[in-house]
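Quick note, the sequence shown lines up with residues 16 to 142 if you use my numbering.
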Amino acid sequence: MFGTAISCMDGRIQEPIRRYITERFGLEHVDVITQPGIDGVLAGETTGGKSRIELIKCMLSISVNAHGSSTIVISGHYDCAGHPVSDEQHIHDIKKAVSRVKSWDGMSAIQVIGVWINKDWKVEVVA
Numbered sequence: 016m017f018g019t020a021i022s023c024m025d026g027r028i029q030e031p032i033r034r035y036i037t038e039r040f041g042l043e044h045v046d047v048i049t050q051p052g053i054d055g056v057l058a059g060e061t062t063g064g065k066s067r068i069e070l071i072k073c074m075l076s077i078s079v080n081a082h083g084s085s086t087i088v089i090s091g092h093y094d095c096a097g098h099p100v101s102d103e104q105h106i107h108d109i110k111k112a113v114s115r116v117k118s119w120d121g122m123s124a125i126q127v128i129g130v131w132i133n134k135d136w137k138v139e140v141v142a
């Protein structure tokens, strides 16, 4: 069984996200879709976002349709170089990103949640 992590490319957050998805949802595999500052990209707050969003959409379609991903976790994190904004802005952008992904075709039956990776590299559910 698959889940999907839509996260920043920052290596510091990869293990906490994977662990959270496998333990919290009992999933064996996690497809990983990364872009620098991905919460800002999906929230429409980053330059060049439209083409990046289309790429994310394409990769997510493969995860959901070919691998049967049942859960999507969108994250933002502390000390992000790709989207250097306040923690509060990140959380706002994560919520906006979750809403955007839920609105895409084929996502109505998929669980989409948003998480914040804090300064201690712990996962906090925010959406």
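Virtual Cβ for every residue (Gly too), placed ideally from N, Cα, C.
Just how far apart, CA to CA, sit D94 and V100?
In the sequence shown, residue 94 corresponds to position 79, counting from 1. In the sequence shown, residue 100 corresponds to position 85, counting from 1. Using only the alpha carbons, I get a separation of about 9 Å.
Notebook entry, point to check: Taking Cβ to Cβ, would you say V56 is nearer than 9 Å to R67?
Noted result: Stepping through the sequence shown from its first residue, residue 56 is reached at position 41. Stepping through the sequence shown from its first residue, residue 67 is reached at position 52. In this structure, V56 lies near R67, with their beta-carbon atoms less than 9 Å apart.
Cα-Cα separation between R115 and G129, rounded to whole angstroms:
Counted from its first residue, the sequence shown places residue 115 at position 100. Counted from its first residue, the sequence shown places residue 129 at position 114. Each residue's Cα considered, the two are about 12 Å apart.
* Where does E103 sit, in a helix, a strand or coil, going by DSSP? -> Numbered from 1 along the sequence shown, position 88 holds the residue referred to as residue 103. Three-state DSSP puts E103 in a helix.
Using the rule of at least 16 other Cβ atoms within 10 Å of the residue's Cβ for burial, across every protein chain shown, is L75 buried or exposed?
For the purposes of this step, residue 75 is identified with residue 60 of the sequence shown, where counting begins at 1. Buried, because 16 or more other Cβ atoms sit within 10 Å of the Cβ of L75.
- Taking only the alpha-carbon atoms, compute the straight-line gap between E30 and K65 and give it to the nearest angstrom. On the sequence shown, residue 30 is found 15 positions in, with the first residue counted as 1. On the sequence shown, residue 65 is found 50 positions in, with the first residue counted as 1. If you take the alpha carbons of E30 and K65, they lie about 28 Å apart.
Span of the alpha helix (DSSP H), counted from its first residue to its last, around D54
The residue you call residue 54 lines up with position 39 of the sequence shown. Start and end: 53 to 57.
Check your understanding: Using a Cβ-Cβ cut-off of 7 Å (strictly less than) and excluding sequence neighbours within five positions of M122, which residues of its own chain qualify?
Key -> Locating residue 122 in the sequence shown gives position 107, where the first residue counts as 1. For M122, where only same-chain residues beyond five positions count, the Cβ hits under 7 Å are V116.
Problem - Separation of H92 from V113, as counted between CA atoms - result: Mapped onto the sequence shown, residue 113 falls at position 98. Mapped onto the sequence shown, residue 92 falls at position 77. Rounded to the nearest angstrom, the two C-alpha atoms are 15 Å apart.
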